[in-house]
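K.L.:
Here it is, the structure, as structure tokens.
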Amino acid sequence: MESQETIHVTGAEGAGPAEEFTADICVVGAGPAGLVLALLLLKSGLRVAVVERARAHQREFRGEILQPGALRLLDRLGVLGGARARGAHEHTRFRLVDRGRALLDIDYRALPAPYDYLLSIPQAHVLDELLLHCEKYEGFAHLDGRRVGELLRDADGRIAGVAADGTGGACTVRAHVVVGADGRFSKVRRLAGIEAGRSEAFDLDVLWFKLADDRSGARGRKAMRDVQVFRAGASPVLVYDSWPDRVQIGWTLPHKGYKDVAAKGLDHVKEQLALAVPPYAELIREQIRSPRDLSLLDVFSGRAERWADDGLVLIGDAAHTHSPIGAQGINLAIQDAVLLHPLLVASHRAGDASARFLSAFERTRSADIEQVMRLQRLQSKAMLSHGTFATRVRPKLAQLLKHTPAYRKVLDRIAFGNPSVRIAEECFVPQTPGRRNR
């Protein structure tokens, strides 16, 4: 599009001249949901502007595990190979371990190839590859370093764009639909006056940190890469290898319980962690030198009171927030984008951006999200429960379950989510030269 007249907008950095952009769809948030959706829309001939508050490579990512369902969709988009080439680790099993004994052992190799594993991959590798594909399209504008501070509305009150400001400069983006893909603390959701629907269903926090580990010590280079949860009293610890030579560790604590642990000093915290995950005790003692080496994450679930307004739709964590249990976050975000894509194409073609039209996304997706939330609550109980049944009976039942059709059904649900989710390639159009959308 041709450049519009310069206007003035007051944003996070104050008043100043602002560039004006127009697009068919404005996506706020350049995470997995936002960039997958952008790529799908670009392939469908729409003009897309993505507004992201961080500059490239300036964000800290923790979630790195991709489930087979996400791998399949990214591969279909032509993104997985390039992202993997930047560096990743395959994990074949998820194990719940108590004093060296596996209480639960889920083997992803029971799934059909080629998506018979979990993939630990830096989120930046996936986002960089998605961005690389998006930038091939003339109808794409990546507006990073700009924080949305206002939702623009037309004369009828319909949301018609955003105003943003930051180190990338002030700008406005006017669009047929704004998509809030800006995470669990979504600014877009708040500006639209939509309640987050926070729930303390899990009532826990996670102390998260990374360790350098070249696998040359006692654990050995030939050790199988597993995603493991070590049971340590009432505080399980999640551990997995992270590219290239890091280990990500998440210590689960009762909600607001870290204050009492931390009051006893950093050495006490380190010893509690060393006792919880013996294979990493030496690394913990050597590498955790300051409280700044640890990050406390507030874990909660939530579902926004509604996912659509006139001119607006929410996806990913902005619409529904989940705990890190079961590594479902990125999986769900990518599936959200895939399911929303054809609806936005239809909305644009029909010229209908009403809440009534866009809320079809929530109606389509609700059952899947509720099922994941139920599954996560069950997984949480399995991790936290104690007693004879949990430590002696359940492992035996789990071994028996492996030899029944129910095992594959549960594994498929964890790994792939809704099996009917597919990319609407019938919406794609041949790539043709276009004009920059500004």
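In terms of the numbering used here, the sequence shown opens at residue 1202 and continues consecutively. Note that the Cβ used here is the ideal one computed from N, Cα and C, for glycine as well.
1. Identify the residues that DSSP records as bridge partners of Val1298: which are they?
2. Checking the sheet assignment: what are the DSSP bridge partners for Gln1449?
3. Mind checking Arg1575: buried by the 16 CB within 10 Å criterion, or exposed?
4. So, at 6 Å on beta carbons, what are the nonlocal neighbours of Ala1234 in its own chain, with the 5 sequence-adjacent residues on each side left out?
5. In whole angstroms, what separates the C-alpha of Pro1455 from that of Gln1529?
6. For the segment 1498 to 1513 against the segment 1554 to 1563, do three or more pairs of beta-carbon atoms, one drawn from each stretch, fall closer than 8 Å, so that the two count as touching?
7. Between Ala1255, Ala1365, Pro1315, Val1379, which lies nearest to His1542 when the distance is taken from Cα to Cα?
8. Report the rounded CA-to-CA distance for Arg1595 versus Leu1304, giving the unit in angstroms.
9. Compute the distance between the beta-carbons of Ala1239 and Arg1385, then report whether it is under 9 Å.
10. Would you tell me roughly how many angstroms separate the C-alpha atoms of His1150 and Arg1354, rounded to the nearest one?
11. Which residue's Cα is closest to the Cα of Arg1486: Gly1458, Glu1330, His1469?
12. Which stretch, first to last residue, makes up the alpha helix (DSSP H) that contains Phe1386?
13. Pick out whichever of Gly1358, Gly1350, Ala1361 has its Cα sitting closest to the Cα of Gly1370.
14. Report back the beta-carbon spacing between Val1462 and Gln1473 to the nearest angstrom; my notes put them in contact at under 8 Å.
15. Assign His1292 to one of three DSSP states: helix, strand, or coil.
16. Out of curiosity, what's the CA-to-CA distance linking Pro1437 and Gly1451?
17. What are the residues that DSSP puts in a beta bridge with Cys1227?
18. Looking at the unbroken beta strand (DSSP E) that takes in Asp1537, where does it start and where does it end?
19. Whose C-beta lies closer than 6 Å to the C-beta of Ala1231 among residues of the same chain, with five residues either side of it excluded?
20. Would Val1249 pass as a contact of Val1229 if the rule is Cβ separation under 9 Å?
21. When you compare the segment 1270 to 1284 with the segment 1315 to 1330, are there three or more beta-carbon pairs, one atom per stretch, that lie closer than 8 Å?
22. Do Gly1367 and Gly1346 come within 9 Å of each other at the CB atom, strictly closer than that value?
23. Based on DSSP bridge pairs, tell me the residues matched to Gly1503.
24. By how many angstroms is the C-alpha of Ile1489 removed from the C-alpha of Ala1224?
25. My understanding is that His1343 touches Ser1321, with C-beta atoms under 8 Å, so please give their C-beta distance in whole angstroms.
26. Buried or exposed: which applies to Glu1265, given that a residue is buried once 16 or more other Cβ atoms fall within 10 Å of its Cβ?
27. Considering only residues of the same chain and omitting the five flanking positions on each side of Asp1442, which have a CB-CB separation below 7 Å?
28. How many Å lie between His1523 and Ser1400 at the Cα?
29. Per the DSSP calculation, Glu1351 is bridged to which residue(s)?
30. For the beta strand (DSSP E) holding Phe1341, just list the boundary residues, first then last.
31. Just verifying my parser: in three-state terms, what is the DSSP assignment at Glu1336?
32. If we count the other Cβ atoms within 10 Å of its Cβ and call it buried at 16 or more, is Glu1221 buried or exposed?
33. For Asp1569, which residues from the same chain have a beta carbon less than 7 Å from its beta carbon, with the 5 sequence-adjacent residues on both sides left out?
34. How far does the alpha helix (DSSP H) with Leu1275 in it reach, from first residue to last?
35. Is the beta carbon of Arg1273 sitting closer than 9 Å to the one on Pro1323?
P.N.:
On the basis of the supplied data:
1. The residue given as residue 1298 occupies position 97 in the sequence shown. Beta-bridge pairing by DSSP links Val1298 to Ala1303, Phe1431.
2. Mapped onto the sequence shown, residue 1449 falls at position 248. DSSP lists Lys1411, Tyr1441 as partners of Gln1449.
3. Against the sequence shown, residue 1575 aligns to sequence position 374. With fewer than 16 Cβ atoms within 10 Å of its Cβ, Arg1575 is classed as exposed.
4. By one-based count along the sequence shown, residue 1234 stands at place 33. Exclusion of the five residues before and after Ala1234 leaves Ala1382, Ile1516, Gly1517, Ala1534, Asp1537, Ala1538 as the residues of its chain whose Cβ lies within less than 6 Å of its Cβ.
5. Taking the sequence shown and counting its residues from 1, the one referred to as residue 1455 is at position 254. Taking the sequence shown and counting its residues from 1, the one referred to as residue 1529 is at position 328. As the crow flies, the alpha-carbon of Pro1455 is around 21 Å from that of Gln1529.
6. Counting Cβ pairs under 8 Å, three or more are found: they touch.
7. Position 341 of the sequence shown, counting from 1, holds the residue named residue 1542. It is Val1379 whose Cα lies nearest to the Cα of His1542.
8. Taking the sequence shown and counting its residues from 1, the one referred to as residue 1595 is at position 394. Taking the sequence shown and counting its residues from 1, the one referred to as residue 1304 is at position 103. Caution is warranted here: a pLDDT of 49 is assigned to Arg1595, below 50, making its placement in the model unreliable, and the coordinate value is therefore given only provisionally. If I take the Cα positions, the gap works out to 7 Å.
9. Against the sequence shown, residue 1239 aligns to sequence position 38. Against the sequence shown, residue 1385 aligns to sequence position 184. The criterion of a C-beta distance shorter than 9 Å is not satisfied by Ala1239 and Arg1385.
10. Here the chain comprises residues numbered 1202 to 1639, so residue 1150 is not present and cannot be evaluated.
11. Mapped onto the sequence shown, residue 1486 falls at position 285. Closest in alpha carbon position to Arg1486, among Gly1458, Glu1330, His1469, is His1469.
12. Here residue 1386 refers to the residue found at position 185 of the sequence shown. Per DSSP, Phe1386 belongs to no alpha helix (DSSP H) and is neither H nor E.
13. Taking the sequence shown and counting its residues from 1, the one referred to as residue 1370 is at position 169. Between Gly1370 and the set Gly1358, Gly1350, Ala1361, the nearest pair of CA atoms involves Gly1350.
14. Sequence index remark: in the sequence shown, residue 1462 carries index 261 (1-based). Sequence index remark: in the sequence shown, residue 1473 carries index 272 (1-based). Going by Cβ atoms, the distance from Val1462 to Gln1473 rounds to 7 Å, so yes, they are a contact pair.
15. The residue given as residue 1292 occupies position 91 in the sequence shown. His1292 carries a strand assignment under DSSP once its states are collapsed to helix, strand and coil.
16. What you label residue 1437 is simply residue 236 of the sequence shown in a count that begins at 1. What you label residue 1451 is simply residue 250 of the sequence shown in a count that begins at 1. Roughly 8 Å separates the two Cα atoms.
17. The residue given as residue 1227 occupies position 26 in the sequence shown. Note: Cys1227 sits in a beta bridge opposite Ala1250, Val1379.
18. For the purposes of this step, residue 1537 is identified with residue 336 of the sequence shown, where counting begins at 1. Taken as a continuous stretch (DSSP letters only), Asp1537 belongs to no beta strand (DSSP E), being part of the alpha helix (DSSP H) at 1530 to 1551.
19. Here residue 1231 corresponds to residue number 30 of the sequence shown, with the count starting at 1. If the five residues before and after Ala1231 are omitted, its C-beta is found closer than 6 Å to the C-beta atoms of Val1251, Glu1253, all from its own chain and listed in chain order.
20. Taking the first residue of the sequence shown as 1, we reach residue 1249 at position 48. Taking the first residue of the sequence shown as 1, we reach residue 1229 at position 28. No, Cβ-Cβ distance for Val1249 and Val1229 is not below 9 Å.
21. Between the segment 1270 to 1284 and the segment 1315 to 1330, the count of Cβ pairs shorter than 8 Å is three or higher; the stretches touch.
22. One-based indexing of the sequence shown puts residue 1346 at position 145. One-based indexing of the sequence shown puts residue 1367 at position 166. Yes.
23. Along the sequence shown, read from residue 1 onward, the residue named residue 1503 stands at position 302. DSSP, once it has assigned bridges, lists Arg1399, Thr1522 as partnering Gly1503.
24. Your numbering for residue 1224 matches position 23 in the sequence shown. Your numbering for residue 1489 matches position 288 in the sequence shown. Rounded to the nearest whole angstrom, the CA to CA distance from Ala1224 to Ile1489 is 47 Å.
25. As a position in the sequence shown, residue 1343 is number 142, starting the count at 1. As a position in the sequence shown, residue 1321 is number 120, starting the count at 1. Between Ser1321 and His1343 the Cβ distance is about 26 Å, and since that is not below 8 Å, they are no contact.
26. As a position in the sequence shown, residue 1265 is number 64, starting the count at 1. Per the 10 Å Cβ criterion, buried.
27. As a working mapping, residue 1442 is identified with position 241 in the sequence shown. His1290, Ser1321, Arg1426, Val1448, listed in sequence order.
28. As a working note, residue 1523 is residue 322 in the sequence shown. As a working note, residue 1400 is residue 199 in the sequence shown. For His1523 and Ser1400, the distance between alpha carbons rounds to 10 Å.
29. Numbered from 1 along the sequence shown, position 150 holds the residue referred to as residue 1351. DSSP, once it has assigned bridges, lists Ala1364 as partnering Glu1351.
30. Position 140 of the sequence shown holds residue 1341. That run of the beta strand (DSSP E) goes 1341 to 1345.
31. As a working mapping, residue 1336 is identified with position 135 in the sequence shown. Of the three classes helix, strand and coil, the one that applies to Glu1336 here is coil, per DSSP.
32. As a working mapping, residue 1221 is identified with position 20 in the sequence shown. Counting Cβ neighbours within 10 Å, Glu1221 comes out buried, since at least 16 surround it.
33. By 1-based counting over the sequence shown, the position of residue 1569 is 368. Contacts found: Gly1618, Asn1619.
34. Within the sequence shown, residue 1275 is the residue found at index 74, counting from 1. Taken as a continuous stretch (DSSP letters only), the alpha helix (DSSP H) holding Leu1275 covers 1269 to 1277.
35. Locating residue 1273 in the sequence shown gives position 72, where the first residue counts as 1. Locating residue 1323 in the sequence shown gives position 122, where the first residue counts as 1. Arg1273 places its beta carbon 9 Å or farther from that of Pro1323.
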